[in-house]
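Just add 840 to wherever you are in the sequence shown, counting from 1, and you've got this note's numbering.
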Amino acid sequence: MQSSFSPPTWVEISLSRLQENWKTVRAVVPCDCGLVAVLKADAYGHGALDCCRAIQECGAKWFGVSTPAEGRRLREVCTDGKIIVLSHFGEQDCDDILDCDLIPKIWEPWQADCLVAACRQRGRSDKLPLHVEFDTGLGRQGVPSTAALNVLLDCFQASPILQIEGVMTHFYAPEALRPDGTVQQIHRFAELLGPMLRRGINVRYLHAGNSATAFVPAHVEALQSLAKSCGAALMIRPGMALYGHPPRFSTPMMIDLPQLLPVLSLKTRVMSFSHLVTGETAGYEMTFRASRPTRLALVPVGYADGLSRLLSNRGVAIIRGQKVPYAGRISMDLTLLDVTETPSASVGDEVTLIGEQGGESVSAYDIADAIGTIPDEVTCAIRARVPRILRN
Ligand SMILES: *Cc1c(COP(=O)(O)O)cnc(C)c1O
């Protein structure tokens, strides 16, 4: 039965699995290839602070966050690590960057200008290390051409306080191996680096690629020789693999994927039951109609917790080790499950929405496939109001 202390719906995070996944990724890349642990968006919904602590224990030194505000929070637990702001920053974020020694990633001259202004305002005279992003084909952000790079580098020459410590790019389809756009992107990366090397800029780190890249030896080798050619250390930036979500290659037989363990489970408990006679309906808009005498279990979780409403009448959860379908529309805070075929289901029973129970499992991939998205969105969607509980 339900203990009076347990929250109605909760997330369990297995830090030992996270550590296992870290070691697995670590083992597939060469020893001299660094890893940036991507903890964006609160570690894809897993809780960045706890995840950071756990992988620091395994030796992780570099971390990626979405924004300077996330970096500021992470600094509490990451006192010596390097924190790169991967997604975006603006003028309002310069204090976070400077106070917390975050590494901004820049691609526009205005970003250099606002960092210089913030340093001046504080009378800061020691160098501010930063990374420059190149757009090698994603078409989203990054320096797109050697001409644009020259303009940016002129800004740096005018403001010697800024120091280019690293260069990076991001791949648009690292899971597609035929045709392999990543190969072209690596070539483009090499071309774009030209003006930087000609100006004698000493690049210490070159980073690119995500979880998928780490598992493709040819990509890692190509990046490694590019890094060597400019005297830089290579780093790859895995995210999803650390959380136990393997990349899905378009040609899976070409890649030998080691086992990764899902880190996050989403759980709740049965609150009550309702009973329908044949022909009765349940939930908003009568989208579930009983085709037989039906027993429905009510669970205190809904789309306001991050359980997608698109799972209505589509996905399954696990109760008493059996898969049971969602019945009717998922509402804001409440959801129904059809437990007609699980007569032993009782009030207080634990229900697994994501995770494993009694030999059955529902993965974030299963949910993503049911609603047409990716596991990252499924875990990121779980709201802060759902407590994260650590377990082994
Ligand atoms: C999110 C992100 C990653 C990690 O991607 P995964 O597919 O989760 O491994 C790596 N690099 C950048 C720049 C990212 O934004």
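Backbone N, C-alpha and C define an ideal beta-carbon position, used for all residues, glycine too. Since this is a predicted model, take the numbers as computed values, not measurements.
Which first and last residues belong to the alpha helix (DSSP H) in which residue i is found?
i, result
"TYR884", "880-884"
"LYS863", "855-868"
"GLN896", "888-897"
"HIS1059", "1057-1069"
"HIS1027", "1021-1038"
"VAL1218", "1215-1220"
"GLY930", "Counting along the chain, GLY930 falls outside any alpha helix (DSSP H), and DSSP gives it neither H nor E."
"GLU1280", "The structure shown does not extend to residue 1280, since the chain spans only 841 to 1232, so no value can be given for it."
"LEU993", "986-998"
"TYR1045", "Counting along the chain, TYR1045 falls outside any alpha helix (DSSP H), though it belongs to the beta strand (DSSP E) covering 1045-1047."
"ILE1211", "1204-1211"
"ALA1054", "1051-1054"
Which same chain residues end up closer than 7 Å to residue i when comparing Cβ atoms and leaving out the 5 residues on each side of it in sequence?
i, result
"GLN842", "Residue placement at GLN842 cannot be trusted, given a pLDDT of 48 that sits under 50; the coordinates are not used to answer."
"VAL868", "ALA1054, PHE1055, PRO1098"
"ARG1228", "VAL851, ILE853, GLY887"
"PRO984", "ASP975"
Please name the residue, chosen from the options, that lies closest to residue i on a Cα-to-Cα basis.
i, options, result
"PRO870", "GLY1195, HIS971, SER1065, ARG964", "SER1065"
"ALA1130", "PRO1227, SER906, LEU1176", "LEU1176"
"LEU1151", "ASP936, ASP1206, SER1186", "ASP1206"
"LEU926", "PRO908, ASP935, ASP1216", "PRO908"
"GLU931", "LEU1136, ILE946, ASP890", "ILE946"
"PRO969", "LYS863, ASP975, VAL956, GLY963", "VAL956"
"GLY921", "LEU858, HIS928, VAL905", "VAL905"
"VAL876", "ASP994, ALA900, GLU1190", "ALA900"
"THR1121", "ARG1132, GLY1071, MET1111", "ARG1132"
"ALA1210", "ALA1157, ARG1231, LEU1174", "ALA1157"
"CYS873", "TYR1045, MET1111, GLY1168", "TYR1045"
"LEU1104", "SER846, ASN861, PRO848", "ASN861"
What are the residues that DSSP puts in a beta bridge with residue i?
i, result
"ILE808", "With the chain covering only 841 through 1232, there is no way to say anything about residue 808."
"LYS1107", "TRP850, THR1192"
"PHE970", "Here residue 970 is Leu; the residue named in the question, Phe, does not match the sequence. Partner(s): ILE1004."
"VAL1226", "Its beta-bridge partners do not exist; DSSP assigns none."
Spatial neighbours of residue i within its chain, please: CB distance less than 6 Å, with the 5 preceding and 5 following residues excluded, ordered by chain position.
i, result
"VAL1240", "What the structure shows of the chain is the stretch from 841 to 1232, and residue 1240 is not part of that stretch, so it cannot be assessed."
"MET1094", "LEU1017"
"CYS1220", "ALA881, TYR884, GLY885"
"THR976", "THR1009, GLN1025, ARG1028, PHE1029"
Let me know if residue i comes out buried or exposed under the rule of 16 or more other beta-carbons within 10 Å of its beta-carbon.
i, result
"GLN1197", "buried"
"MET1036", "buried"
"PRO1102", "buried"
"TYR1166", "buried"
"MET1172", "exposed"
Going by beta carbon distance, what residues of the same chain come within less than 8 Å of residue i, once the five residues before and after it are set aside?
i, result
"GLU1015", "ALA1052, PRO1087, ARG1088, PHE1089, SER1090"
"ARG1225", "ALA1144, ASP1145"
"GLU1217", "ALA1208"
"GLN1162", "GLU1181, THR1182, GLY1198, GLU1200"
Taking residue i as part of the beta strand (DSSP E), name the residues at either end of that continuous run.
i, result
"VAL956", "No beta strand (DSSP E) contains VAL956, which is instead part of the alpha helix (DSSP H) from 949-962."
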